[in-house]
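The opening position of the sequence shown corresponds to residue 16 in the working numbering, with each subsequent residue numbered one higher. Worksheet: the structure to be examined is printed underneath.
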Amino acid sequence: MKKPHNITLLGTGLIGRFYTMTLHSQRSKDHVHTVCGIPEESAKAFAKEFDIPNWTTDMEKAINNPETDLVIIGIPNDLHEKAVHLAARAGKAVLCTKPLGRSAKEAKSMLDAVEKAGVFAGYLEDLCYTPKTLKSLKSIQNGSVGQVLWARSRETHPGPHSAWFWDLKKAGGGAIVDLGCHCIEIIRNFIGKDIRPVEVLCTSDTLVHPIEAEDSGIGLIRFANRAIGQFEVSWTFRGGMDLRDEVAGTEGTIWLNHFLRTGFEMFTAAGQGGYVAEKSETEAGWLFPVGDEVVELGYVDMFTDMFESLEKGKKPMETFYDGYVVNAIIDACYKSAKTKKWEPVDLFEWRGKKEVEEISGLKPYDKEHFLIKKERMPEGKVKIILKNIKTGEISQKIE
Ligand SMILES: NC(=O)c1ccc[n+]([C@@H]2O[C@H](COP(=O)([O-])OP(=O)(O)OC[C@H]3O[C@@H](n4cnc5c(N)ncnc54)[C@H](O)[C@@H]3O)[C@@H](O)[C@H]2O)c1
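Take a look at the structure:
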């Protein structure tokens with residue numbers, strides 16, 4: 016059996032808590048050994064609550080603890096780059112939360128640092144690891160939906176829980192960088208991460224909050240095989256956290272609802288008496304609790320993949336390069352929202368397929384015709400719509 020890992024966790028906020036709840040859950044052998052957070056009381060209280068032997072407010076000290084072999088980054092976006100460089104310099108494996116950087120430039124500097132240092136690095140994109148997503152991906156890879164034509168991902172909620180998210184400089188953007196990063200990577204997984212994202216069209220606005228960053232955004236991503244990704248993000252949605260994905264293929268469709276409709280719905284007039292689920296807006300009336308949040312949001316499968324990959328010396332499903340590609344797509348989205356035009360996705364290097372087959376739905380019906388559509392009509396007959404291959408004439412017949 017492999018030795019348990021001694022983990023340094025940076026961050027004692029929302030994500031630090033979810034990560035620690037996951038790592039310390041069930042009979043897990045890998046524990047947080049050193050935690051770093053500010054202010055001091057928060058680090059101290061967190062260490063006490065989760066039985067963590069060491070706590071500090073000094074990031075460098077936490078990373079360089081000689082007993083630490085793995086650093087997990089769960090601090091605000093503007094501190095990711097510094098933390099990754101410190102971990103790489105210390106020769107420690109490093110896992111970083113989303114978004115990897117505030118821009119592709121920052122993400123590339125992090126990618127370069129871990130690759131140059133030769134340390135293991137993983138991108139903690141939990142929503143690509145939800146049990147429903149993993150099962151869908153497997154079935155898509157087995158051909159269940161045919162060729163994926165369109166993948167749509169939506170994340171909306173009433174806005175983030177800490178001041179730094181709302182500060183354009185610290186966060187690197189608004190809802191697009193915060194929530195769009197999840198949606199974009201979900202879309203890439205469904206369409207195929209080896210298929211190059213080519214260009215984007217995006218619109219964004221600041222509808223209801225007094226902030227410089229956008230609180231709403233919608234984007235389209237065109238891939239090299241002509242598949243389309245569509246994301247919808249907002250910090251203005253009322254009613255909790257809406258996490259939904261859709262995949263449309265030549266042979267099938269998948270609809271996923273991860274949060275407000277998980278099959279657990281309850282009404283309480285008395286009130287639930289505390290926390291219901293992340294970003295839930297009410298504790299009474301109709302509620303949509305989530306059975307085990309760390310499982311349903313993908314944290315358990317994500318850390319399992321990260322630790323197994325680290326131990327087997329292989330790449331995890333979500334890498335720093337993926338984080339970099341996501342940032343490059345986001346950069347192009349911000350550009351497009353300004354220019355109101357399709358903008359290219361600028362990548363310093365493409366590590367996926369160089370040549371891809373374009374999507375084609377052409378189905379021969381007979382020697383002269385392509386089949387366009389076949390449908391049973393209300394009277395029971397089957398109507399066939401055809402295109403003549405030579406002349407292009409479109410006709411129909413009843414079978
Ligand atoms: N689903 C997800 O993957 C997910 C969800 C939420 C947040 N995040 C990401 O996690 C990161 C943190 O977000 P959060 O929601 O936990 O924020 P938060 O505000 O709840 O917590 C941030 C924590 O960072 C720590 N911190 C801040 N400045 C520090 C410093 N100089 N040195 C050491 N520690 C410092 C503090 O302990 C603070 O509690 C962000 O990058 C965010 O995008 C990811």
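Each residue gets a CB set at the ideal place from its N, CA and C atoms; glycine is no exception. These numbers were taken from a predicted model, which means no experiment stands behind them.
- Counted as a single uninterrupted DSSP element, the alpha helix (DSSP H) harbouring N79 occupies residues M74 to N79.
- Across the structure, L377 and K150 are spaced so that their CA atoms are roughly 29 Å apart.
- Note on F282: under 16 other CB atoms within 10 angstroms of its CB, so exposed under the neighbour-count rule.
- Shown here, W165 sits in a strand according to DSSP, grouped into three states.
- Nearest in C-alpha terms to H273, of all of D209, C217, I201 and R211, is I201.
- Within the stretch 23-65, complete alpha helix (DSSP H) segments of at least 4 residues are found at 29-38 and 55-64, given in chain order.
- Where Y138 is concerned, the enclosing beta strand (DSSP E) starts and stops at A136 to L139.
- The DSSP-derived three-state label of P146 is helix.
- Looking only at G189, V341 and E414, the smallest Cα-Cα distance to C198 is reached by V341.
- A check of alpha carbon separations from E298 across A292, G31, E311 and G286 identifies G286 as the nearest.
- For E200, the enclosing alpha helix (DSSP H) begins and ends at C196 to I206.
- If you check the CB distance, S43 and T171 do not come in under 9 Å.
- Remark: fewer than three beta-carbon pairs, one from each stretch, lie closer than 8 Å, so the stretch 369-386 and the stretch 142-149 are not flagged as touching.
- In the three-state scheme derived from DSSP, where H, G and I count as helix and E and B as strand, R276 is classed as coil.
- The alpha carbon of H95 has as its nearest neighbour, out of E75, P81, D84 and G244, the alpha carbon of E75.
- The closest heavy atom of ligand 1 lies less than 8 Å from the beta carbon of N92.
- Membership of A263 in the beta strand (DSSP E) is indicated by the continuous run D257 to G264.
- Of the candidates Y314, K97, L216 and I87, the residue whose Cα lies closest to the Cα of E140 is Y314.
- In the three-state reduction of the DSSP assignment, A178 falls in the helix class, which pools H, G and I.
- For the 9 Å CB-CB criterion, F205 and D193 do not form a contact.
- In this structure, the C-beta of L101 stays at least 8 Å away from each heavy atom of ligand 1.
- CA-CA distance, M125 to A105, rounds to 14 Å.
- For the set H224, L275, T319 and W357, the Cα lying nearest the Cα of P304 is the one of L275.
- Of the candidates P91, Y380, F33 and N80, P91 places its Cα closest to the Cα of K185.
- In the three-state DSSP reduction, E414 falls in the coil class, being neither helix nor strand.
- A distance below 7 Å between beta-carbons, with the five flanking residues on each side excluded, links S118 to the following residues of its chain, in chain order: G187, N342 and D346.
- Assigned with DSSP and collapsed to three states, R117 falls in coil, not helix or strand.
- A residue is called buried when at least 16 other Cβ atoms come within 10 angstroms of its Cβ; K153 does not meet this threshold and is exposed.
- DSSP places Q287 in the coil class of the three-state scheme, outside both helix and strand.
- For the options H100, V134, D127 and Y138, the alpha carbon positioned closest to that of L115 is the one of Y138.
- The alpha carbon of K18 has as its nearest neighbour, out of G338, E358 and F322, the alpha carbon of F322.
- Annotated three-state conformation of V305 is coil, per DSSP.
- Of the residues P68, E82, A132 and I67, the one whose Cα lies closest to the Cα of V99 is A132.
- C-alpha of I155 to C-alpha of E82: approximately 42 Å in a straight line.
- A108 is the residue among T71, W301, D66 and A108 whose C-alpha sits nearest the C-alpha of D84.
- Judged by DSSP in its simplified three-state form, I344 adopts helix.
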